[in-house]
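Only one structure is covered here, and it is reproduced in the block below.
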Amino acid sequence: MKDEAVPEKKADKASSPAGYAPTDGGTPTAGDGKGTGAAAAGPADAGGAKATATIPGARMRKKPAAGTEPLLKVSGLTKHFPIRKGLMQRKVGAVQAVDGIDFDVLPGETLGVVGESGCGKSTMGRLITRLLEPTGGTVEFQGRDITHLSTGRMRPLRRDVQMIFQDPYSSLNPRHTVGTIVGAPFKLQNVRPEGGVKKEVQGILERVGLNPEHYNRYPHEFSGGQRQRIGIARALALQPKLIVADEPVSALDVSIQAQVVNLLDDLQQEFGLTYVIIAHDLSVVRHVSDRIAVMYLGKIVELADRTSLYQEPLHPYTKALMSAVPVPDTKRRQQRERILLKGDVPSPISPPTGCRFHTRCWKATQVCKTKEPPLLELKPGRRTACWHPENAPDQAPEDKK
Numbered sequence: 229m230k231d232e233a234v235p236e237k238k239a240d241k242a243s244s245p246a247g248y249a250p251t252d253g254g255t256p257t258a259g260d261g262k263g264t265g266a267a268a269a270g271p272a273d274a275g276g277a278k279a280t281a282t283i284p285g286a287r288m289r290k291k292p293a294a295g296t297e298p299l300l301k302v303s304g305l306t307k308h309f310p311i312r313k314g315l316m317q318r319k320v321g322a323v324q325a326v327d328g329i330d331f332d333v334l335p336g337e338t339l340g341v342v343g344e345s346g347c348g349k350s351t352m353g354r355l356i357t358r359l360l361e362p363t364g365g366t367v368e369f370q371g372r373d374i375t376h377l378s379t380g381r382m383r384p385l386r387r388d389v390q391m392i393f394q395d396p397y398s399s400l401n402p403r404h405t406v407g408t409i410v411g412a413p414f415k416l417q418n419v420r421p422e423g424g425v426k427k428e429v430q431g432i433l434e435r436v437g438l439n440p441e442h443y444n445r446y447p448h449e450f451s452g453g454q455r456q457r458i459g460i461a462r463a464l465a466l467q468p469k470l471i472v473a474d475e476p477v478s479a480l481d482v483s484i485q486a487q488v489v490n491l492l493d494d495l496q497q498e499f500g501l502t503y504v505i506i507a508h509d510l511s512v513v514r515h516v517s518d519r520i521a522v523m524y525l526g527k528i529v530e531l532a533d534r535t536s537l538y539q540e541p542l543h544p545y546t547k548a549l550m551s552a553v554p555v556p557d558t559k560r561r562q563q564r565e566r567i568l569l570k571g572d573v574p575s576p577i578s579p580p581t582g583c584r585f586h587t588r589c590w591k592a593t594q595v596c597k598t599k600e601p602p603l604l605e606l607k608p609g610r611r612t613a614c615w616h617p618e619n620a621p622d623q624a625p626e627d628k629k
C-alpha cells in the first residue's frame, strides 16, 4: 500500500494548541497565517539558509525554581572514534567527534543543540543516552553517574531516558506492527499496565494524534509524519523523564513539521518531560527551546537562553548562524548584516589548534590560533568560548591582528 493511502491526520487541539504568544522579537503568534522562515544551521551550505515550515512563536514556559538540581549533568564529555589501518589494525588517528563538552539540563527544561553537519550533535545525543560508550568525561542522571554502567545496570534507567531518532523510515522495524513497536518497551521492561498492553498502546497512539485502529498496521502503510508520531509514541510509552530528540522533523515534509513540533511541545506540558532537541533548523530550535547550545567541531562555543542568543549572540559563529535566518520583513532584511563564512569546516581528525573556529573567523588574532578559549560566563546565564566575543568585553584586548 502506498504511503498516501493513510492521509496525514490534520492538526487538532492536541497537536496545534492555542495560547501561543510572541516571546521573541518579530515572531508572530500561532494562527496569524504569517509565520517565520527557518534556516539550516550551516552557512557553508548554499548561502547557509533555506526556508522551511512555518513554526509559530514558542509559548511561555515556567522557569524551574532557583536551586533546582539538574536532571542531566554532562562534564568533559568526549568521544573519539579510532582510525585503524593495516593487517594489525594499528591505530593511526582518531575522529574527535565530541571533545570535552559541559552542560546541564533542569527538570522540565528544553535544551536545543544546533550546529553544522558533522559538529558532533548526534554523537552527543547517543552518548548521553548511553547508546555509545564515552571516551572520557561523565554523564550524571538524577545525580547518579551513568557514564560506564553495564548494559544490565543501565536497563532499568531506560525507562527514564528515551530517544527519538532522526529517520522515521529506518527507525521502525518494517516486519512489526505498530502495536508491537509501541508495546516493545513494556515487554523489555516487564511492565504490565492496568487494562493490558494493547489498551495502553492504543491510548498512547491516540495521544500522539494517531487512530487507535492503527494498532495492527505496518509502518509502510503510513506517511513520514505518521511514522515519526509512532516513534514518539514508542519513546513516550513508559513515561520517561528525559527524551533526546535527534533531528525529529528534518526528514519530514515541511507541511507537517509544525504539527510534530507542536505535538512535542504539548506532550512536554502534559507529562512534564525534559527534552534535549538536536536540530540544524534554527526556527524549530527557537520555537521549542528554553536554552540553546551552539556546537562547532565537537565543542560547545556558546550556551545561552533562547531570547538572548537570537537577539544578541556573543560568539562570532553564532552571529553568522543568526544572520542566515530568513527575515520576512523587507526593511529589516535589507538592514541586517549577512555574514558569509569562508572555507570549509576543518576535519575532526585533525582540528585546528587554539580556537577551532579561527580558520573561518573574521576576528581571529594570534591568540586564537595558539590558545583554546575556555567556556566562560561573560554575561549572567550566558557562556561563550571566544577571545574576542560580540556584544561583550574583549577577553584578549592586547592581542591584535
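First residue of the sequence shown? That's 229 in our numbering, and the numbers climb one at a time after it.
The beta-carbon is built from N, C-alpha and C at its ideal position, and this holds for glycine as well.
None of the values given here were measured: they were computed from a predicted structure.
Residue i (DSSP reduced to helix, strand or coil)
{"i": "Lys-319", "result": "strand"}
{"i": "Lys-570", "result": "coil"}
{"i": "Asn-619", "result": "coil"}
{"i": "Phe-450", "result": "coil"}
{"i": "Ile-374", "result": "coil"}
{"i": "Leu-510", "result": "helix"}
{"i": "Asp-327", "result": "strand"}
{"i": "Lys-599", "result": "coil"}
{"i": "Asn-490", "result": "helix"}
{"i": "Ala-412", "result": "helix"}
{"i": "Gly-265", "result": "Interpretation of Gly-265 is limited by its pLDDT of 36, a score under 50 that renders its predicted location unreliable; the figure taken from the coordinates is listed afterwards. If DSSP states are grouped into helix, strand and coil, Gly-265 belongs with coil."}
{"i": "Val-429", "result": "helix"}
{"i": "Val-419", "result": "coil"}
{"i": "Arg-588", "result": "coil"}
{"i": "Ala-258", "result": "Annotation note: pLDDT 34 at Ala-258 (below 50); position unreliable, no value reported."}
{"i": "Arg-403", "result": "coil"}
{"i": "Leu-359", "result": "coil"}
{"i": "Gly-295", "result": "coil"}
{"i": "Leu-385", "result": "helix"}
{"i": "Gly-500", "result": "coil"}
{"i": "Gly-582", "result": "coil"}
{"i": "Glu-540", "result": "coil"}
{"i": "Asp-627", "result": "coil"}
{"i": "Val-482", "result": "helix"}
{"i": "Gly-346", "result": "coil"}
{"i": "Glu-177", "result": "No answer is possible for residue 177: the residues shown for the chain start at 229 and end at 629."}
C-beta contact flag for residue i and residue j at 8 Å
{"i": "Ala-521", "j": "Glu-475", "result": "no"}
{"i": "Leu-603", "j": "Ala-613", "result": "yes"}
{"i": "Val-504", "j": "Val-472", "result": "yes"}
{"i": "Pro-362", "j": "Thr-375", "result": "yes"}
{"i": "Cys-596", "j": "Pro-544", "result": "no"}
{"i": "Glu-618", "j": "Lys-547", "result": "yes"}
{"i": "Pro-453", "j": "Val-488", "result": "Looking at the sequence provided, one finds Gly at residue 453 rather than Pro. Result yes, Cβ atoms of Gly-453 and Val-488 sit closer than 8 Å."}
{"i": "Arg-457", "j": "Val-436", "result": "yes"}
{"i": "Thr-351", "j": "Gly-304", "result": "no"}
{"i": "Ile-356", "j": "Leu-300", "result": "yes"}
{"i": "Lys-307", "j": "Val-320", "result": "no"}
{"i": "Pro-310", "j": "Val-333", "result": "no"}
{"i": "Arg-387", "j": "Gln-417", "result": "yes"}
{"i": "Leu-433", "j": "Ala-461", "result": "yes"}
{"i": "Gly-609", "j": "Asp-518", "result": "no"}
{"i": "Pro-468", "j": "Val-389", "result": "yes"}
{"i": "Phe-369", "j": "Leu-531", "result": "no"}
{"i": "Pro-576", "j": "Thr-587", "result": "no"}
Beta-bridge partners of residue i, as assigned by DSSP
{"i": "Met-391", "result": "Val-472"}
{"i": "Ala-532", "result": "Ile-520"}
{"i": "Arg-610", "result": "Lys-607"}
{"i": "Ile-505", "result": "Gly-340 and Ala-473"}
{"i": "Thr-558", "result": "According to DSSP, Thr-558 bridges with nothing at all."}
{"i": "Thr-366", "result": "Ser-303"}
{"i": "Val-333", "result": "Leu-300"}
{"i": "Arg-312", "result": "Lys-319"}
{"i": "Lys-527", "result": "Tyr-524"}
First and last residue of the uninterrupted alpha helix (DSSP H) at residue i
{"i": "Ile-577", "result": "Element bounds for Ile-577: n/a, residue is neither H nor E."}
{"i": "Glu-443", "result": "Reading off the sequence, residue 443 comes out as Tyr, not Glu. Unbroken run through Tyr-443: none, as it is neither H nor E."}
{"i": "Leu-466", "result": "Segment: none, Leu-466 is in no alpha helix (DSSP H) and carries neither H nor E."}
{"i": "Thr-351", "result": "349 to 356"}
{"i": "Arg-381", "result": "379 to 382"}
{"i": "Thr-546", "result": "544 to 550"}
Anticipated Cβ contact below 8 Å, residue i with residue j, distance rounded
{"i": "Ala-620", "j": "Leu-542", "result": "5 Å"}
{"i": "Gln-584", "j": "Leu-525", "result": "A quick correction: the sequence has Arg, not Gln, at residue 584. Yes, they are in contact, since the Cβ atoms of Arg-584 and Leu-525 sit about 4 Å apart, within 8 Å."}
{"i": "Gly-407", "j": "Tyr-443", "result": "4 Å"}
{"i": "Leu-516", "j": "Gly-340", "result": "In the sequence under discussion, the amino acid at residue 516 is Val, which differs from the Leu named in the question. Their Cβ separation, rounded to whole angstroms, is 7 Å, which keeps Val-516 and Gly-340 in contact under 8 Å."}
{"i": "Lys-599", "j": "Gly-582", "result": "5 Å"}
{"i": "Gly-336", "j": "Thr-502", "result": "6 Å"}
{"i": "Arg-403", "j": "Met-382", "result": "Actually they do not touch by this definition, with Cβ atoms about 26 Å apart."}
{"i": "Pro-396", "j": "Arg-312", "result": "Actually they do not touch by this definition, with Cβ atoms about 33 Å apart."}
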